[in-house]
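Residue numbers (this note's numbering): 4 to 70. Here's the structure, in C-alpha cells; my notes come after.
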C-alpha cells in the first residue's frame, strides 16, 4: 500500500494521519490496540517489531516504522 501513516502524540492523546488526510484521534482499547470508530479503523501496535497492523473494512495492512 503506497500510503504512509504518521502517528503523533499530543499531551495524552494519540493521533494518526494518513498521507493527504486530516489527523484523527485514536481511542485506546488496551494491549497496544487503538481505534477510530468513525472510520471503522483498528490499529494494533507491535513496538518490539516497530510495526503496526491497520484493520479496516475487512482488510488488513502491515506498516513498518521508518525514520
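Every residue, glycine too, gets a C-beta built ideally from N, C-alpha and C.
Classify residue 27 as buried or exposed, calling it buried when 16 or more other Cβ atoms lie within 10 Å of its own Cβ. exposed
So, under 8 Å CB-CB, residue 8 and residue 21 are touching, yes? Tell me the CB distance rounded to an integer number of Å. 5 Å
Are residue 24 and residue 43 close, meaning C-beta to C-beta below 8 Å? no
Round the Cβ separation of residue 49 and residue 38 to the nearest angstrom and send it over; I've been treating them as touching at under 8 Å. No, residue 49 and residue 38 are not in contact; Cβ-Cβ is about 16 Å, not under 8 Å.
Nearest candidate by alpha-carbon position, reference residue 63, set 69, 70 and 45: 45
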